[in-house]
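Asker: Take a look at this one; I'll ask things after.
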Amino acid sequence: EAQVTQNPRYLITVTGKKLTVTCSQNMNHEYMSWYRQDPGLGLRQIYYSMNVEVTDKGDVPEGYKVSRKEKRNFPLILESPSPNQTSLYFCASSSDRGLNSPLHFGNGTRLTVT
Amino acid sequence: EDQVTQSPEALRLQEGESSSLNCSYTVSGLRGLFWYRQDPGKGPEFLFTLYSAGEEKEKERLKATLTKKESFLHITAPKPEDSATYLCAVQAKGNTPLVFGKGTRLSVIA
Numbered sequence: 739e740a741q742v743t744q745n746p747r748y749l750i751t752v753t754g755k756k757l758t759v760t761c762s763q764n765m766n767h768e769y770m771s772w773y774r775q776d777p778g779l780g781l782r783q784i785y786y787s788m789n790v791e792v793t794d795k796g797d798v799p800e801g802y803k804v805s806r807k808e809k810r811n812f813p814l815i816l817e818s819p820s821p822n823q824t825s826l827y828f829c830a831s832s833s834d835r836g837l838n839s840p841l842h843f844g845n846g847t848r849l850t851v852t
Numbered sequence: 370e371d372q373v374t375q376s377p378e379a380l381r382l383q384e385g386e387s388s389s390l391n392c393s394y395t396v397s398g399l400r401g402l403f404w405y406r407q408d409p410g411k412g413p414e415f416l417f418t419l420y421s422a423g424e425e426k427e428k429e430r431l432k433a434t435l436t437k438k439e440s441f442l443h444i445t446a447p448k449p450e451d452s453a454t455y456l457c458a459v460q461a462k463g464n465t466p467l468v469f470g471k472g473t474r475l476s477v478i479a
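Chains as they are written, first to last, in my numbering: chain A, 739 to 852; chain B, 370 to 479.
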């Protein structure tokens, strides 16, 4: 089954404790992206990657890092999480940035930073 | 700056009561407008892509239309299983990310 898999689904951590949210897709997609979704603000892009070893900032990249060492994986790294990074995070992938083919989203990671 | 505004924020319908959701957009050159459906606890699921004014697409009880300033998602004779949040997003020309609206939360009551 074609899918985007994120782990973990739920994560509670404390301020400053480094964490990684994993994302993997099995569709051989070149394009992958991370979003955060907050009430009243909608989905906002954090980082995206057009291909292996190619990453770029989205609208809200501060406090986040990503890497794309393999085509299928695109982990999101929070080096020093803060409470304002409490949010619902989604990873997405597409064969062409979601223009001529749709974005496929994972089921989300709900992060709470205390 | 590219902007997407969806209205209403929430909509409550009786089963069978048709209605429309609105997505107004401001973008410097539209490449595509997208509709997604999001169920609670899940990621958005793709519904439609529209590329130019006048274009229409249909899927079951849903029909999406596009003008130069807005898109409508028409829901005909909705059922309770159509309850979800519907998201609109636009892709501008050039190397810019998708811009999402805040969504319309639809509840269909049996």
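Each residue gets a CB set at the ideal place from its N, CA and C atoms; glycine is no exception.
What in chain B is Cβ-close to Y786(A), meaning under 9 Å?
Answerer: Neighbours of Y786(A) on chain B, chain order: P466.
Asker: According to DSSP, is N789(A) helix, strand or coil?
Answerer: It is a strand residue.
Asker: Can you confirm whether the stretch 765-783 of chain A touches the stretch 388-396 of chain B when touching is taken to mean that 3 or more C-beta pairs between the two stretches lie within less than 8 Å?
Answerer: The stretch 388-396 of chain B vs the stretch 765-783 of chain A: no contact.
Asker: Taking the alpha carbon of A479(B) as the point to measure from, which residue in L456(B), Y455(B) and D451(B) has its own alpha carbon closest?
Answerer: That would be D451(B), whose Cα lies nearest to the Cα of A479(B).
Asker: Exposed or buried, what is R747(A) when buried is set at 16 or more other beta-carbons lying within 10 Å of its beta-carbon?
Answerer: Classification of R747(A): exposed, given that the 10 Å Cβ count is below 16.
Asker: Using a 10 Å radius around the Cβ and a threshold of 16 neighbouring Cβ atoms, would you call K756(A) buried or exposed?
Answerer: With fewer than 16 other Cβ atoms within 10 Å, it is exposed.
Asker: Can you pull out the residues from the stretch 834-851 of chain A whose beta carbon lies closer than 7 Å to at least one beta carbon of chain B?
Answerer: Listed by position along the chain: G836, L837, P840, L841, F843, G844, N845 and G846.
Asker: Anything in chain B within Cβ reach of G780(A), meaning under 7 Å, just list it in chain order.
Answerer: F469, G470, K471 and G472, listed in chain order.
Asker: So which of G412(B), T436(B) and G410(B) has the shortest CA-CA distance to L419(B)?
Answerer: L419(B) has its Cα closest to that of T436(B), out of G412(B), T436(B) and G410(B).
Asker: On the DSSP letters alone, give me the boundaries of the beta strand (DSSP E) that L880(A) sits inside.
Answerer: There is simply no residue 880(A) to check, as chain A begins at 739 and stops at 852 in what is shown.
Asker: If the cut is a Cβ gap below 7 Å, which residues of chain B does G796(A) touch?
Answerer: Within 7 Å Cβ-Cβ: P466.
Asker: Would you identify the three-state DSSP class for D371(B), choosing helix, strand or coil?
Answerer: D371(B) falls in the coil class under three-state DSSP.
Asker: Round the Cβ separation of V792(A) and R806(A) to the nearest angstrom and send it over; I've been treating them as touching at under 8 Å.
Answerer: So it is a contact: roughly 7 Å between Cβ atoms.
Asker: Cα-Cα, which of Y802(A), L814(A), G754(A) and P819(A) is closest to A830(A)?
Answerer: With distances taken between Cα atoms, A830(A) lies closest to L814(A).
Asker: Closest to P819(A) by C-alpha separation, out of S787(A), R848(A) and G801(A), would be which residue?
Answerer: Taking only the C-alpha atoms, the option nearest P819(A) is G801(A).
Asker: Short check: CB of R381(B) to CB of S476(B), under 8 Å?
Answerer: Yes, these two residues count as a Cβ contact at 8 Å.
Asker: Counting Cβ pairs, one atom from each stretch, are 3 or more of them under 8 Å apart for the stretch 836-848 of chain A and the stretch 756-773 of chain A?
Answerer: Yes, the stretch 836-848 of chain A is in contact with the stretch 756-773 of chain A.
Asker: For the putative contact between L442(B) and Q407(B), defined by C-beta atoms under 8 Å, what is the C-beta separation to the nearest angstrom?
Answerer: L442(B) to Q407(B), Cβ: 13 Å. No contact.
Asker: So with CB distances below 8 Å, who are the chain A contacts of C409(B)?
Answerer: Per the sequence shown, residue 409(B) should be read as Pro rather than Cys. Within chain A, no residue comes near P409(B); the closest Cβ sits about 10 Å away, beyond 8 Å.
Asker: Count the other CB atoms, across all protein chains shown, that sit within 10 Å of the CB of G471(B); report buried if there are 16 or more and exposed otherwise.
Answerer: Here the sequence assigns Lys to residue 471(B), which means Gly is not the residue at that position. Buried, because 16 or more other Cβ atoms sit within 10 Å of the Cβ of K471(B).
Asker: At the level of alpha carbons, what is the spacing between N789(A) and G463(B)?
Answerer: If I take the Cα positions, the gap works out to 18 Å.
Asker: Under a three-way DSSP split, which group does N745(A) fall into?
Answerer: Residue state, collapsed to three classes: strand.
Asker: If I follow the unbroken beta strand (DSSP E) through H443(B), where does it start and stop?
Answerer: Start and end: E439 to I444.
Asker: Short of 6 Å in beta carbon distance, which residues of its chain neighbour L467(B), apart from the five on each side in sequence? Order them along the chain.
Answerer: For L467(B), where only same-chain residues beyond five positions count, the Cβ hits under 6 Å are A458 and Q460.
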